[in-house]
Structures are given as C-alpha cells and as structure tokens.
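Read the structure below first, then the notes.
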Amino acid sequence: MITTPQYLKPGDTIGLVCPAGYMAIDKVQACISTLQQWGYQVKTGNTVGSASENYFSGTDDERLADLQQMMDDDDVRAVLCARGGYGLTRIVDRIEFKKFREQPKWIIGFSDVTVLLSHIYSNYDISTLHAPMAGAFNDPDKENKFLLSLRKAIEGRRTSYHVDPHLFNRKGEAVGELIGGNLALLAHCIGTDSDVKTKGKILFIEDVGEFLYNIDRMMYQLKRADKFKKLAGLIVGGFTDSKDTDRPFGQSAEEIIRDAVSEYDFPVCFGFPVSHGRENLALKIGVGYKLKVGKNKVVLSE
Amino acid sequence: MNRKNFLSSIVGLSAFTSVKTNEEVPGIPIIPRYLKTGDTIGITSPAGHIKVEDIEPSVEQMKSWGFRIKIGNTIGKRNFAFGGTDDERVKDMQMMLDDPSLSAIMCARGGYGVIRIIDRLDFRKFQMKPKWIIGFSDVTVLHSHLNKNLGIASIHSKMCNSFPDDWSIADEMQKQTIYSIRDLLAGVPVKYPLIPSPYNKTGVAEGVLVGGNLKTIESLSGTASDLYTKGKILFVEDTGEYLYSIDRMFWNLRRTGKLIGLKGLIVGGFKVKPDDPGEEFGMNLQTIVLDKLKNYKYPVCFDFPVGHQKNNFALKCGARYRMKIAPQSCTFEEII
Chain A
8 MITTPQYLKP GDTIGLVCPA GYMAIDKVQA CISTLQQWGY QVKTGNTVGS
58 ASENYFSGTD DERLADLQQM MDDDDVRAVL CARGGYGLTR IVDRIEFKKF
108 REQPKWIIGF SDVTVLLSHI YSNYDISTLH APMAGAFNDP DKENKFLLSL
158 RKAIEGRRTS YHVDPHLFNR KGEAVGELIG GNLALLAHCI GTDSDVKTKG
208 KILFIEDVGE FLYNIDRMMY QLKRADKFKK LAGLIVGGFT DSKDTDRPFG
258 QSAEEIIRDA VSEYDFPVCF GFPVSHGREN LALKIGVGYK LKVGKNKVVL
308 SE
Chain B
63 MNRKNFLSSI VGLSAFTSVK TNEEVPGIPI IPRYLKTGDT IGITSPAGHI
113 KVEDIEPSVE QMKSWGFRIK IGNTIGKRNF AFGGTDDERV KDMQMMLDDP
163 SLSAIMCARG GYGVIRIIDR LDFRKFQMKP KWIIGFSDVT VLHSHLNKNL
213 GIASIHSKMC NSFPDDWSIA DEMQKQTIYS IRDLLAGVPV KYPLIPSPYN
263 KTGVAEGVLV GGNLKTIESL SGTASDLYTK GKILFVEDTG EYLYSIDRMF
313 WNLRRTGKLI GLKGLIVGGF KVKPDDPGEE FGMNLQTIVL DKLKNYKYPV
363 CFDFPVGHQK NNFALKCGAR YRMKIAPQSC TFEEII
C-alpha cells in the first residue's frame with residue numbers, strides 16, 4: 008500500500024539540496040524567492056552553492072550528509088533537489104531511510120533524481136514528486152503552468168492534465184500507479200536495488216541529449232527485461248536534443264518508441280509535457296492515475 | 063523454417079533461459095573445434111553497415127592463413143546505419159549458425175544492432191555443433207548471451223574493419239593483434255604483452271573469462287543475455303564515454319552484483335571523452351574503478367591490451383585463464 012506524504016501548508020519549510028551536480032547560488036535565488044512568495048520557508052543545504060570545484064556539489068559524504076539531514080529534519084516538509092546532473096547512484100545505497108519511513112515527506116526532482124524516486128518507491132512504497140527543479144524557476148514567467156503544477160502538487164490539489172493528441176498515440180484507458188522518469192536512469196537501475204516493477208503500472212519516460220541508437224538500445228533493454236509485458240499504459244515525454252550518428256539512424260525517438268512497444272496493446276500517449284525542456288508537468292510517482300487516450304482527447308488524472 | 067516453428071523455438075529457448083535467474087549453465091566451458099587449413103569462416107554483419115570493399119583486406123588475409131571464406135548477404139547491405147534490416151541480419155546470422163560447412167563466423171564490424179536480433183536467433187543447431195563466433199564492441203551481446211545460456215566459448219577480437227588495408231606497410235602491433243585471431247582459431251596460445259600499472263592490485267586468479275564492452279554489458283542487465291560473473295575473471299573496455307558515465311557504469315556493475323565474487327578484474331582500453339569545461343569530474347579511470355572495489359581482494363589489471371584501439375588482442379570468452387599480477391610483472395594465459 009502506497010504512502011503519500013503530507014501535503015504542504017503555508018509556512019511549511021522546504022529543504023533545498025544538491026545531491027548530484029554542482030549549482031551556483033545565483034542560479035537558485037529565483038527558486039528560493041518564488042517558494043517564499045508561495046508562502047513557504049526555505050532551508051538551504053550546505054551542498055547548494057557549495058565551494059566544490061569539480062562536477063559534484065560536494066564529496067559523496069557531503070552530499071549524503073546534506074540529503075540525509077534534510078530527510079531527517081523534523082522541520083522540513085519537503086526536499087527539493089535543486090538540480091540533477093550525475094551523482095545519486097553513488098550515494099543511494101548509503102541513505103538511511105528509517106526516520107523518513109516513519110515521517111515521509113515529499114522528495115522532489117527529476118533527471119538524475121530518478122534514481123532516488125525509483126529507489127524510494129520500489130523499496131518503501133512512498134510516493135515522490137517528479138517535477139521541475141531550481142533551474143526552472145529562472146523562467147521569466149513565474150506563473151507558468153509547469154511551475155504552477157509543482158505548486159498544486161505540493162499543496163495537494165488534484166491534478167488533471169489535458170494533452171494534445173498525437174499521430175502515434177494508441178487509444179485506450181489505463182488505471183494504475185504512476186512510475187517513471189529519465190529513460191537512461193531507469194535502464195541504469197535495472198537489476199539493482201532501485202529497479203522498479205512495472206506490472207499494472209503507468210510508465211512515463213523522457214530523456215535529453217541521447218543518441219537515437221542509444222534510445223533504441225534502452226527501449227530494447229526495457230523490453231528484454233520484461234518492463235512492458237504487463238504494463239498498463241505508457242506516457243512518452245520529451246526526448247529533447249537527441250543526437251544522431253554520421254550514418255543516420257533513420258527513425259525519430261518517437262518512431263523508435265512506437266516500434267518498440269508495437270507488439271503490446273496498452274494505451275500509449277506521445278508528446279506528454281514531461282521533459283528536460285520548459286515543458287515539465289509535476290507527476291506524483293506511486294500515486295494512482297487514470298490515463299485516457301482518445302482520438303481527440305488525452306487526459307491524465309489523479 | 064516457417065515463422066510458426068521459428069516462434070515456438072524461441073519460446074522453448076526463453077523457457078530454458080528464464081530472465082533474471084542470475085544463474086548460468088553449469089559445467090565445464092564448451093570450446094568449439096579449432097580450425098584446420100581448408101576450413102571455412104563465414105562473414106556477416108549483425109550490427110552496422112559495411113561496404114563489400116571494406117572487408118576485402120580481411121578476406122585476403124584470412125585466405126592467406128589457409129581458410130576459405132563465405133561472405134554473407136548482409137555484407138554490402140544497408141538499412142540506414144544497419145547492415146540490412148533486422149530480418150535480413152537475423153536471416154544471414156541464422157544461416158551461418160546453421161551452416162555445417164562453417165567452422166567460424168566473423169562479425170564484419172560492430173556499431174549497434176545485435177540486441178535487436180539476439181532473441182530471434184535459434185541456437186539449437188549451433189549448440190549441437192558449436193563454432194567460433196568472432197567480434198567485439200556491440201558483439202559483446204553475443205558473447206554474453208552464449209556464455210550465460212549455452213556455456214560456449216567465443217572470440218573477442220578485432221573484426222573485418224580493423225584489418226590493415228596494406229599488410230606490407232602495417233605496423234607490428236597491428237599484425238600481432240590480427241595474428242592473435244588466427245592463433246586462437248588454430249588453438250595456439252597467445253602471449254599478451256602486459257605492462258604493470260602502478261594502479262594494479264596484485265594476486266593470482268584462475269577462472270572463466272567473461273566480459274567485453276562496458277556500455278553493452280550494462281544494457282544487458284535484467285535481460286536473458288545478462289552477464290553472469292560470479293567466480294569468473296571479468297574484462298571490460300569502452301570508448302567515447304565521459305568519466306561520469308564510466309563511473310555510473312561501474313556503479314551499475316557493482317549494484318547489479320557483478321563485482322562481488324569475481325576472481326579477477328581486467329580493465330582494458332577506455333578512450334575517455336574529455337570533460338566539458340566547468341564539469342571536471344575530478345577522478346581518473348583508475349580511481350573510478352578502484353573506488354568500486356573496496357572490500358574486494360581479487361587482483362586487478364589495468365591497461366590490458368583489449369579495446370577500441372590498435373593493441374586489441376584476441377581473447378576467448380568462456381575459456382579458463384590464469385592471471386598473475388605482481389608489482390614488476392604480469393602474465394595472463396589460457397589454462398589448457
């Protein structure tokens with residue numbers, strides 16, 4: 008049975024950490040002030056705008072300690088990962104979930120944070136939030152629907168997303184717990200303790216900057232690891248800035264995915280606004296959703 | 063074979079190779095028959111496209127060793143980056159697997175594509191009369207699949223696209239690595255030139271050799287071709303990856319249980335893609351590897367001459383080897 012952390016009320020505190028890549032403090036300011044405008048207090052971890060001079064926001068020990076402290080802090084109601092990059096794989100097996108399980112709170116992020124979201128869902132049955140991170144708050148429009156979707160999600164307002172129809176969509180209706188995230192990291196987690204079971208679930212995938220042949224290879228890995236066999240539905244987000252080899256692969260990311268799942272009959276929705284681009288709606292992992300893919304109408308609702 | 067029979071054979075195979083058991087076919091490795099003068103080697107392209115003229119140097123060279131060559135239909139075929147459609151590549155490889163007149167199959171090149179066809183290949187005839195399958199990089203899928211499911215040895219080596227165009231001006235290293243394929247096919251032991259690395263971990267290990275391209279190994283996790291490493295010597299190599307990505311892949315090996323219980327680890331060539339400015343990873347390859355081996359005591363050998371590089375010597379996946387890593391000298395030899 009899935010546990011949903013408590014939603015946030017005005018005055019609650021959101022903890023900000025960088026569990027993966029480095030992020031300069033000036034890139035986080037807009038996020039902090041917007042969250043404050045929304046009525047929250049913000050607690051900034053040591054890894055945000057740290058003194059680190061390499062790729063990471065700190066050593067493994069530092070990143071782990073910061074994340075652990077925020078997860079265990081009684082005053083913090085949600086932990087927002089300021090950015091992804093790479094790094095959660097290195098610390099996920101060392102996180103202590105004892106206190107977090109007793110007092111679950113929302114863990115928010117995407118991209119590399121997929122590892123943490125998948126890990127929490129598959130091991131502890133606690134829902135998490137796949138949503139925009141600090142960088143998205145640098146958008147001039149602080150009221151854009153993607154940031155608002157994050158706000159609504161943490162406030163506990165039920166969401167219903169209407170999406171444009173897509174030529175490749177496969178009609179149908181699916182009800183199930185929502186899982187997913189970055190395709191490369193979902194594939195990377197297969198066979199590890201952070202691997203997610205997909206039976207009866209609605210899976211969403213997105214990725215950035217991948218070679219088309221590699222997207223194909225990852226889809227084959229998911230398929231060969233039986234991730235599609237008993238899936239209830241598939242949501243395909245943005246595959247932004249995909250790269251191609253000198254000899255063209257001959258298919259777009261969408262065509263690759265369409266073909267990879269052609270032998271199954273679950274509904275499939277393409278072009279869902281979940282991505283590394285601006286279009287990135289908040290999605291609650293582990294929460295039950297209904298996906299309706301019709302000819303002219305596509306709806307994903309809690 | 064018609065499609066219906068073909069499908070039922072796949073069902074039979076998948077029942078036999080059930081996914082995620084993380085077990086392997088027990089018993090001693092099956093070594094295909096070594097080649098004699100007059101034997102035939104088939105050439106096929108299960109992954110990327112290659113032009114007919116680009117395999118000519120390899121055909122000439124292997125003929126000069128006294129072998130006959132059979133060129134498959136996928137050579138010269140092209141479907142975008144692939145050496146033909148999936149159907150064409152399956153058909154060509156299947157024909158070669160089943161052809162009793164062939165003693166070995168050399169994959170003309172790697173690229174990408176074996177994973178798309180591996181589950182459609184029927185290994186029943188091949189299993190009755192095993193032959194050498196030769197290749198590396200994307201062909202790691204075949205090595206791992208054969209090792210896990212059938213226990214049949216195969217050759218990890220350069221392919222047709224790495225034979226020098228003009229043998230008379232080829233350098234010594236190029237010749238030696240190509241000759242190492244011939245030697246393995248003939249059952250002659252190969253001497254590997256090993257230069258001790260200060261990062262090596264000393265020790266002696268004996269075990270069946272498995273491995274190949276690291277990225278490809280990661281993409282097999284959780285599938286019917288997943289590499290089983292327990293009690294074995296594992297070798298890995300890769301090219302064109304960022305350090306962070308190499309780090310993530312070694313974490314994948316560790317987190318999927320592939321580093322625990324190894325007899326030994328061999329790290330081949332890693333052509334590292336330089337970090338982007340401002341994104342310095344802060345660790346080198348050796349540190350990345352050793353970082354994942356804390357608590358493990360087995361020997362580790364860096365700079366092994368295998369990979370996407372000139373000094374890429376032929377190795378027998380699935381055969382037993384002994385590695386001796388000492389501070390001043392390293393040896394690696396097949397146990398015959």
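Respectively, the protein sequence lines represent chains A and B.
For the first sequence, the numbering used here begins at 8 and goes up steadily by one.
For the second sequence, the numbering used here begins at 63 and goes up steadily by one.
Ideal Cβ placement from N, Cα and C applies to all residues, glycine included.
Bear in mind the structure is a predicted one, so any value in this text is a computation, not a measurement.
Backbone secondary structure at residue i - three-state DSSP
i: THR83(B); result: The predicted position of THR83(B) is uncertain, since its pLDDT is 37 and thus under 50; a value taken from the coordinates is nonetheless stated next. DSSP places THR83(B) in coil when its eight states are reduced to three.
i: SER71(B); result: No answer about SER71(B) holds up, because its pLDDT of 42 lies below 50 and its placement is not dependable.
i: GLN48(A); result: strand
i: ARG231(A); result: helix
i: TRP113(A); result: strand
i: MET124(B); result: helix
i: GLY104(B); result: strand
i: ARG84(A); result: strand
i: PHE332(B); result: strand
i: CYS38(A); result: helix
i: ASP184(B); result: coil
i: LYS153(B); result: helix
i: ALA267(B); result: strand
i: ASP266(A); result: helix
i: GLU286(A); result: coil
i: GLU395(B); result: strand
i: MET385(B); result: strand
i: LEU164(B); result: strand
i: ASN64(B); result: Unreliable positioning characterises ASN64(B) in this predicted model, as indicated by a pLDDT of 43, which lies under 50. A coordinate reading is not provided.
i: GLY142(A); result: helix
i: PHE279(A); result: coil
Cβ neighbours of residue i in the same chain (closer than 7 angstroms, five flanking residues each side left out)
i: ASN223(B); result: ILE112, ASP116, ALA170 and ARG171
i: MET226(A); result: ILE263, ILE264 and ALA267
i: SER391(B); result: PRO258
i: HIS205(B); result: SER216, HIS218, GLY274 and CYS379
i: LEU282(B); result: VAL203, SER206, ASP288 and LEU289
i: PRO192(B); result: ILE92, PRO94 and ILE214
Contacts around residue i, its chain only, beta-carbon distance under 6 angstroms, and the 5 residues preceding and following it disregarded
i: THR54(A); result: VAL24, CYS25, SER64, GLY65, ARG70 and ASP73
i: THR393(B); result: LYS386
i: ALA138(A); result: ILE115, LEU157 and ALA289
i: ARG140(B); result: HIS111
i: LEU75(B); result: The predicted model places LEU75(B) with a pLDDT of 43, which falls under 50 and marks its position as unreliable, so this point remains unresolved.
i: ALA388(B); result: THR264
i: ASN84(B); result: Low confidence applies here, because ASN84(B) scores a pLDDT of 42, under 50, leaving its location unreliable and the question unanswered by this model.
i: ASN135(B); result: ASP154
i: LYS277(B); result: ASP300
i: THR51(A); result: LEU23
i: LEU327(B); result: LEU296 and VAL362
i: ASP119(A); result: ALA27, GLY91, GLY92, TYR93 and LEU95
i: ILE39(A); result: VAL49
Whole-angstrom C-beta distance between residue j and residue i, which should lie under 8 angstroms
i: GLY187(A); j: VAL300(A); result: Rounded, the Cβ-Cβ distance is 16 angstroms, inconsistent with contact.
i: ILE32(A); j: GLN75(A); result: Rounded, the Cβ-Cβ distance is 21 angstroms, inconsistent with contact.
i: SER125(A); j: VAL203(A); result: 5 angstroms
i: ALA220(B); j: THR202(B); result: The question names Ala, but residue 220(B) in the sequence shown is Lys. Actually they do not touch by this definition, with Cβ atoms about 14 angstroms apart.
i: PRO274(A); j: LEU298(A); result: 6 angstroms
i: TYR281(A); j: GLY240(A); result: Position check: residue 281(A) holds Val in this sequence, whereas Tyr was assumed. No, VAL281(A) and GLY240(A) are not in contact; Cβ-Cβ is about 14 angstroms, not under 8 angstroms.
i: ASN61(A); j: GLU303(B); result: Not confirmed; about 18 angstroms, so no contact.
i: LYS325(B); j: GLU268(B); result: 7 angstroms
Any non-hydrogen atom of the ligand FAD within 7 angstroms of residue i CB
i: SER219(B); result: The model depicted lacks the ligand FAD and carries no ligand whatsoever.
Neighbourhood of residue i by C-beta, 8 angstroms cutoff - its chain only, sequence neighbours within 5 removed
i: ILE179(B); result: PRO108, ASP148, ARG151, VAL152 and MET155
i: GLN43(A); result: VAL49
Notebook entry, point to check: the segment 264-291 of chain B: which residues have C-beta closer than 8 angstroms to a C-beta of chain A, in chain order?
Noted result: In summary, the residues of the segment 264-291 of chain B whose CB is separated from some CB of chain A by less than 8 angstroms are GLU280, SER281, LEU282, SER283, GLY284, THR285, ALA286, SER287 and ASP288, in the order they occur in the chain.
Note to self: Beta carbons nearer than 7 angstroms to chain A: which residues of the segment 338-356 of chain B have them?
What the structure shows: Going along the segment 338-356 of chain B in chain order, one finds GLU341, GLU342, PHE343 and GLY344 with a Cβ nearer than 7 angstroms to chain A.
Check: What residues in the segment 166-193 of chain B have a beta carbon less than 9 angstroms from any beta carbon of chain A?
Finding: Of all residues in the segment 166-193 of chain B, GLY173, TYR174, GLY175, ILE177, ARG178, ILE180 and ASP181 have a Cβ within less than 9 angstroms of some Cβ in chain A.
Check: Mind listing which residues of the segment 53-64 of chain A have their C-beta closer than 8 angstroms to chain B's C-betas, in chain order?
Finding: Those residues of the segment 53-64 of chain A that come within reach of chain B (Cβ to Cβ, closer than 8 angstroms) are GLU60, ASN61, TYR62 and PHE63.
Notebook entry, point to check: Which of the residues in the segment 81-100 of chain A, read from start to end, lie with their CB under 9 angstroms from any CB of chain B?
Noted result: Within the segment 81-100 of chain A, the residues whose Cβ lies closer than 9 angstroms to some Cβ of chain B are GLY92, TYR93, GLY94, THR96, ARG97, VAL99 and ASP100, listed in chain order.
Next item on the list: Any chance you could list the beta strand (DSSP E) runs of at least 3 consecutive residues sitting entirely within the segment 204-248 of chain B, in chain order?
Entry: Taken in chain order, the whole beta strand (DSSP E) runs of length 3 or more contained in the segment 204-248 of chain B are 216-218.
Item checked: Within the segment 185-234 of chain A, ranges of the beta strand (DSSP E) (whole runs, at least 3 residues) -> If we require 3 residues or more, the beta strand (DSSP E) runs fully inside the segment 185-234 of chain A come out as 209-215.
Next item on the list: Scan the segment 301-329 of chain B for residues whose Cβ lies nearer than 7 angstroms to a Cβ of chain A and list them as they occur along the chain.
Entry: Result list: TYR306, ARG310, TRP313, ASN314, ARG317 and THR318.
Checklist line | the segment 130-156 of chain B: positions lying closer than 9 angstroms to chain A by Cβ | finding: Listed by position along the chain: ARG140, ASN141, PHE142, ALA143 and PHE144.
Item checked: Against chain B: residues of the segment 232-262 of chain A by CB proximity under 7 angstroms -> Residues ALA232, ASP233, THR252, ARG254, PRO255, PHE256 and GLY257.
Check: If you measure beta-carbon to beta-carbon, which residues of the segment 368-392 of chain B are closer than 8 angstroms to chain A?
Finding: Here the close residues number zero.
Margin query: Can you pull out the residues from the segment 197-219 of chain A whose beta carbon lies closer than 8 angstroms to at least one beta carbon of chain B?
Written below: Contact annotation: in the segment 197-219 of chain A, residues whose CB is within less than 8 angstroms of a CB in chain B are ILE197, GLY198, THR199, ASP200, SER201 and ASP202.
Next item on the list: Identify each residue in the segment 101-117 of chain B for which the Cβ-Cβ distance to at least one residue of chain A is less than 9 angstroms, and report them in chain order.
Entry: Of all residues in the segment 101-117 of chain B, only GLY110 and HIS111 place a beta-carbon less than 9 angstroms from a beta-carbon of chain A.
Notebook entry, point to check: Closer than 7 angstroms, Cβ to any Cβ of chain B: which residues of the segment 126-141 of chain A, in chain order?
Noted result: Interface annotation for the segment 126-141 of chain A against chain B: empty, criterion Cβ-Cβ distance under 7 angstroms.
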